[in-house]
Amino acid sequence: FFFFFFIDRSPLAMVCLQVSSYQYLISGMIVRYLVTSTRAFNMDTAIKGTLEKIQQACARRPQELQWSKPRLIAVSKTKPKQAIIEAYNCGQEHFGENYVQELVEKGHDTDIASQCPNIRWHFIGHLQSNKVNKVLGVPNLNCIETIHDEKLATLVNNAWARTHPDGNNKLNVFVQINTSGEENKNGVPSDAAEGLVSHVINSCPNLKFVGLMTIGKYGYDMTQGPNPDFQELVKCRADICKKLNLDPTQVELSMGMSTDYEHAIEVGSTNVRVGSSIFGDRDYSKTK
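-7 is the number of the first residue of the sequence shown in my numbering; add one for each residue after it.
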């Protein structure tokens, strides 16, 4: 078969072409609006669904763990600022970032700053000594969850004093514990956690010790029973509180991510870090 195309350049044809193009333009605008509205609706549904699962998991905890309501940290790594703003407009205020450069860029973004005035940033990635000042300079920084040794704690303490000379607000910090003992994970060993917590409390006056954090072993089969990493963090809290005379209800546990946050809450987590369940799959080509 052969097809022949003729271009009609008559005034009537050109008018029809312009009208057709205008219709396509309007159609495109409608499609973009519907896509945006659907994404916002899905974001709202995802956050509400996650909060509902958190509440249900909390209700399944034993009575002695009913003293706290878990906090949801929306992990927004690799996600664009539009997604953060959408989540914020759905009521989410606590956001977590793993990469320093992403946190710096998003924390200083004018659109996020103007549209999300009460946003609270949690840094949840590995913090190198030469990146401390960048992280501490982020507006609305609420917490660093990955203090893994005394050197870093001291460095963050001193840097916070320089950048916040009024001394009115301490920086919230979690001590990260490597409960799985995996070499590729950061964190202080369980048997050395007491010393690090003591150092933060007694030698870092500009830091507020909030609790303990761990990253559970990836892919654990929960049909085998409670996650041993979560159980280890619970045990660490009990031991540290006993030795340092701390109130366990004042020491949080940051554990649990998208695949296991419900189980973590049942064990005792007070702070869950959820990303893909809220924002969808990540594009790691955008990591920095």
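Note that the Cβ used here is the ideal one computed from N, Cα and C, for glycine as well. Keep in mind it's a predicted model, so treat the numbers as computed, not measured.
Identity of the residue in the options nearest residue i by Cα
i, options, result
"Tyr210", "Leu144, Asn194, Asp239 and Ser250", "Ser250"
"Asn122", "Val148, Arg265, Ile104 and Ile270", "Val148"
"Gln47", "Met205, Phe271, Ser261 and Gly267", "Ser261"
"Cys50", "Val259, Gly267, Glu174 and Gly187", "Val259"
"Asn161", "Lys200, Lys143 and Ala185", "Lys200"
"Gly217", "Ala153, Cys82, Gly203 and Ala256", "Ala256"
"Thr283", "Gly187, Gln168, Gln223 and Ser268", "In the structure as shown, the chain begins at -7 and stops at 280. Residue 283 is therefore absent and cannot be evaluated."
"Asn219", "Glu254, Asn198 and Ile39", "Glu254"
"Thr38", "Glu174, Cys82 and Gly99", "Note that residue 38 is Ala in the sequence shown here, rather than Thr. Checked all of Glu174, Cys82 and Gly99; the closest Cα to Ala38 is Cys82."
"Asp103", "Gln120, Tyr91, Ile76 and Pro62", "Ile76"
"Lys126", "Ile111, Pro109, Asn110 and Thr155", "Thr155"
"Phe115", "Cys108, Val192 and Asn134", "Asn134"
"Thr215", "Asn176, Asp252, Ala153 and Asn34", "Asp252"
"Ile193", "Asn176, Ala230, Glu175 and Asn237", "Asn237"
"Glu78", "Lys98, Gln55, Cys108 and Gln120", "Cys108"
Proximity below 9 Å, CB of residue i to CB of residue j
i, j, result
"Thr146", "Ser195", "yes"
"Lys45", "Arg274", "no"
"Gln93", "Ala66", "no"
"Asp213", "Val180", "no"
"Val130", "Val165", "no"
"Asp36", "Lys73", "no"
"Ile232", "Thr42", "no"
"Ser60", "Glu224", "no"
"His86", "Leu64", "yes"
"Val189", "Ala151", "no"
"His118", "Asn170", "no"
"Gly159", "Asn132", "no"
Whole-angstrom C-beta distance between residue j and residue i, which should lie under 8 Å
i, j, result
"Ser106", "Glu89", "Not really, about 19 Å apart at Cβ, beyond 8 Å."
"Ser172", "Gly208", "7 Å"
"Gly248", "Val264", "4 Å"
"Leu95", "Ile136", "The pair is not a contact, with the Cβ atoms about 10 Å apart (cut-off 8 Å)."
"Glu186", "Lys235", "6 Å"
"Ala241", "Asp221", "This sequence places Thr at residue 241; Ala is not what is there. Rounded, the Cβ-Cβ distance is 22 Å, inconsistent with contact."
"Tyr80", "Ile111", "6 Å"
First through last residue of the alpha helix (DSSP H) which encompasses residue i
i, result
"Gly203", "Taken as a continuous stretch (DSSP letters only), Gly203 belongs to no alpha helix (DSSP H), being part of the beta strand (DSSP E) at Leu199 to Met205."
"Asn125", "Val124 to Leu128"
"Ile257", "Tyr253 to Val259"
Short CB-CB distance (under 9 Å) between residue i and chain C
i, result
"Val180", "No chain C is present in this structure, which holds just one protein chain."
Terminal residues of the beta strand (DSSP E) in which residue i lies
i, result
"Val336", "Outside the modelled stretch of the chain, which goes from -7 to 280, sits residue 336, for which no answer is possible."
"Asn132", "Element bounds for Asn132: n/a, residue is neither H nor E."
"Ser246", "Glu244 to Ser246"
Proximity test, residue i beta-carbon vs the ligand GTP heavy atom, cut-off 8 Å
i, result
"Cys228", "What this structure holds is no ligand at all, so the ligand GTP is not there to describe."
3-residue-minimum beta strand (DSSP E) runs that sit fully inside the segment 24 to 111, ordered along the chain:
List check, beta strand (DSSP E) in window: 63 to 67 and 86 to 89.
Just list the beta strand (DSSP E) runs in the segment 149 to 233, keeping only unbroken ones of 3 residues or longer that don't cross its boundaries, in chain order.
163 to 168 and 199 to 205
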